[in-house]
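One structure is given here, and the rest of the page talks about it.
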């Protein structure tokens with residue numbers, strides 16, 4: 126379930142299990158929504174140079190961060206990204 | 005090499021018709037797994053089939069390996085699943101490693117209570133051998149080895165081929181030419197038809213090795229392992245203590261050089277360590293493409309399997325999708341040949357199987373792009389997913405080392421009758437869905453069960469499965485109900501099925517599903533009233549079967565409630581379903597599923 130608007134602000138815990146979804150599409154297999162996202166992400170970089178890709182990623186992080194909004198969640202996300210593999 | 009298998013040599017039967025022209029209703033070109041399965045399916049429907057193959061033995065070397073649950077279900081209908089499962093290596097669990105650490109584990113069969121495992125690994129030559137054994141038992145199936153199609157022509161009504169044999173050539177005119185002659189498809193080329201898609205710039209080394217090893221029967225996939233840095237490696241167990249190891253090599257290698265034992269053996273030693281003695285069984289280097297023909301049906305010529313579509317091997321979607329092609333085609337062609345369906349039904353083979361091919365190409369392309377990133381940033385994301393996968397569940401879900409072959413849900417098929425407004429069903433058995441299997445028990449109505457007082461006996465001594473009662477013909481699957489209205493519907497359906505089947509060919513069977521709770525309740529009360537009587541009257545006839553939903557899996561997977569009815573296609577896909585249909589609802593859905601679309 127995507128959290129939106131007020132719900133997203135109130136969300137206090139970082140979601141770490143897969144919850145990609147698309148209400149416009151019926152998925153029959155668990156991996157398909159995540160794979161759709163991943164393909165779109167890689168496709169967005171298709172014609173970018175490495176520098177352009179870095180900048181694209183930075184913009185994307187900022188946009189997603191604002192969508193999440195909740196500072197406790199964003200701090201958990203930053204920590205999770207900093208320590209990928211303990 | 006190839007110490008574990010002795011290849012049969014098939015005699016060219018010698019053609020009596022050299023220089024002549026013969027006519028056959030159906031010719032299948034190519035006796036690989038797809039062509040053989042297709043010929044068996046049609047011959048089982050009493051359609052005379054001529055199967056031509058330009059070779060004189062089964063598939064040589066490392067070819068298809070993994071046969072998915074859906075394929076096993078189809079092979080079961082074709083009478084070949086038994087030896088495949090007993091000779092092959094069953095597995096459900098796949099493990100994915102990054103360097104030395106496991107990052108992701110999947111189980112293909114998270115639900116228990118299915119007859120077949122998620123996958124069976126078996127060398128392709130064994131599958132072909134078992135299919136041949138089955139094919140030879142069918143009197144209306146004729147196989148001709150070393151019979152090569154060298155000329156093809158087609159017009160509105162039929163196809164003409166010239167067949168070259170060691171003894172000379174002959175001509176065949178056929179109503180239907182079914183083409184299963186593989187990725188390079190000579191017939192496709194002779195007709196000048198295109199197949200388009202994407203070539204991947206990567207090479208893979210396949211080594212089949214013979215060794216005694218106690219690794220579990222699982223699929224193991226490594227990203228960047230210490231023994232093969234920066235590339236991927238895949239390990240599968242096959243029958244006869246043969247193991248398949250698949251090394252990614254990259255594009256800039258010399259395939260001939262890489263095939264040499266002095267090059268291959270050190271790679272395997274690095275992987276297995278010094279303690280494993282092994283012998284090379286077969287080595288090859290391959291590249292692959294993801295592509296398909298724009299259309300699989302060209303008038304009277306129909307393409308299937310690799311001839312029609314090709315995928316990367318990650319996901320085992322090649323042979324598996326080919327066998328699903330023939331499952332989709334067989335009943336449709338039989339219905340057209342018998343005059344029960346319009347030729348337009350065959351256009352739905354095209355629509356449904358191109359949909360499936362697109363799904364297979366999409367999934368196998370995504371796997372390939374994950375395994376072989378095409379740019380530095382794609383590689384960065386891939387590696388980041390793998391790093392996060394250790395701690396974060398969502399990233400494990402994104403790890404893509406192959407999305408293994410699963411059947412397509414033909415949710416948009418014109419053969420489906422959409423759910424009626426107000427008929428709400430939980431679960432995923434929507435119109436177009438491939439039927440989920442479930443354990444059942446057969447009700448044995450003896451001849452004496454016309455005596456209403458007698459309790460039907462269930463046979464719980466051996467395990468039995470829903471899919472054995474579906475397939476081959478249409479099936480109306482109805483949940484038993486004690487309500488008079490629902491019982492009347494069941495009587496009407498049974499009478500209608502009897503009229504359809506009057507010609508001696510069974511087009512439609514009735515399957516009555518009894519609910520465990522209801523049956524036990526009735527038994528407890530002396531069972532005097534437990535009698536779907538009109539059905540019991542027909543119980544001696546083979547087109548009505550009764551089963552008990554002994555583990556309540558049908559209730560759950562199909563959301564069956566008393567009075568619910570499903571219409572199942574001969575290829576075990578859902579055509580329609582209702583909470584409380586009339587006989588005419590079901591008859592209309594049956595006509596629609598036979599391709600009588602515009603009424």
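Chains as they are written, first to last, in this note's numbering: chain A, 126 to 211; chain B, 5 to 603.
In this text, a Cβ means the ideal position worked out from N, Cα and C, and glycines have one as well.
The Cβ-Cβ distance between residue 332 of chain B and residue 357 of chain B falls below 8 Å. Between residue 308 of chain B and residue 184 of chain B, the C-beta spacing is below 8 Å. Of all residues in the stretch 182-194 of chain A, none has a C-beta nearer than 7 Å to a C-beta of chain B.
Annotation: the continuous beta strand (DSSP E) that includes residue 152 of chain B extends over 152-158.
Contact holds between the stretch 69-81 of chain B and the stretch 110-126 of chain B, because three or more Cβ pairs, one in each stretch, are under 8 Å apart. Closest in alpha carbon position to residue 160 of chain A, among B/521, B/398, B/483, B/558, is B/398. Counting only runs of 4+ residues, the alpha helix (DSSP H) found wholly inside the stretch 469-514 of chain B occupies 488-504, in chain order.
Contact between residue 490 of chain B and residue 517 of chain B does not hold, since the beta-carbon distance rounds to 12 Å and is not under 8 Å. Against chain A, the beta carbon of residue 223 of chain B has no neighbour under 8 Å; the closest one sits roughly 15 Å away.
Taking 8 Å as the threshold, the shortest C-beta distance from residue 199 of chain A to chain B does not fall below it. Minimum Cα-Cα distance from residue 215 of chain B among the listed residues B/378, B/171, B/281 corresponds to B/281. DSSP, reduced to helix, strand and coil, places residue 288 of chain B within a strand of the structure shown. The beta carbon of residue 432 of chain B falls within 8 Å of a beta carbon belonging to chain A, placing the residue at that interface. Residues of chain A with a Cβ closer than 7 Å to the Cβ of residue 396 of chain B are, in chain order, 141, 205. Counting along the chain, residue 95 of chain B sits inside no alpha helix (DSSP H); it lies in the beta strand (DSSP E) bounded by residues 93-95. For residue 179 of chain B, the enclosing beta strand (DSSP E) has its first and last residue at 172-183. For residue 246 of chain B, the closest alpha carbon among the candidates B/225, B/237, B/211, B/271 is that of B/211. DSSP places residue 236 of chain B in the uninterrupted beta strand (DSSP E) bounded by 236-241.
Taking a Cβ-Cβ cut-off of 8 Å, the neighbours of residue 404 of chain B in chain A comprise 156, 160, 163, given in sequence order. Counting the other Cβ atoms within 10 Å of the Cβ of residue 330 of chain B gives 16 or more, which makes it buried. Note on the stretch 546-573 of chain B: whole beta strand (DSSP E) runs with a minimum of 3 residues are 548-553, 569-572, in chain order. Here residue 596 of chain B is buried: its Cβ has 16 or more other Cβ atoms, across all protein chains shown, within 10 Å. Short of 6 Å from the beta carbon of residue 168 of chain B, and not among the five residues preceding or following it, lie these beta carbons of its own chain, in chain order: 152, 154. Between residue 436 of chain B and chain A, the shortest Cβ-Cβ separation is not below 8 Å. Secondary structure in the stretch 24-108 of chain B: the alpha helix (DSSP H) runs of 4 residues or longer, each lying completely within the stretch, are 37-48, 73-81, 85-91 in chain order.
Residue 296 of chain B has B/200, B/313 as its beta-bridge partners, per DSSP. Within 9 Å of the CB of residue 196 of chain A, no CB atom of chain B is found; the nearest one sits about 20 Å away.
Judged by DSSP secondary structure, residue 225 of chain B falls within the beta strand (DSSP E) whose first and last residues are 223-227. For residue 351 of chain B and residue 311 of chain B, the gap between their C-alpha atoms comes out near 18 Å. Residue burial is scored here from C-beta neighbours: residue 197 of chain A has fewer than 16 other C-beta atoms within 10 angstroms and is therefore classed as exposed.
A straight-line Cα-Cα distance of about 17 Å links residue 440 of chain B and residue 565 of chain B.
Closest by C-alpha distance to residue 569 of chain B, out of B/433, B/525, B/503, B/505, is B/433. Closest by C-alpha distance to residue 176 of chain B, out of B/164, B/279, B/571, B/46, is B/164. Relative to the Cα of residue 144 of chain B, the nearest Cα in the group B/50, B/325, B/424 belongs to B/50.
Within the same chain, 40, 43, 44, 145, 147 come within 7 Å of residue 139 of chain B by CB-CB distance, once the 5 residues on both sides are set aside.
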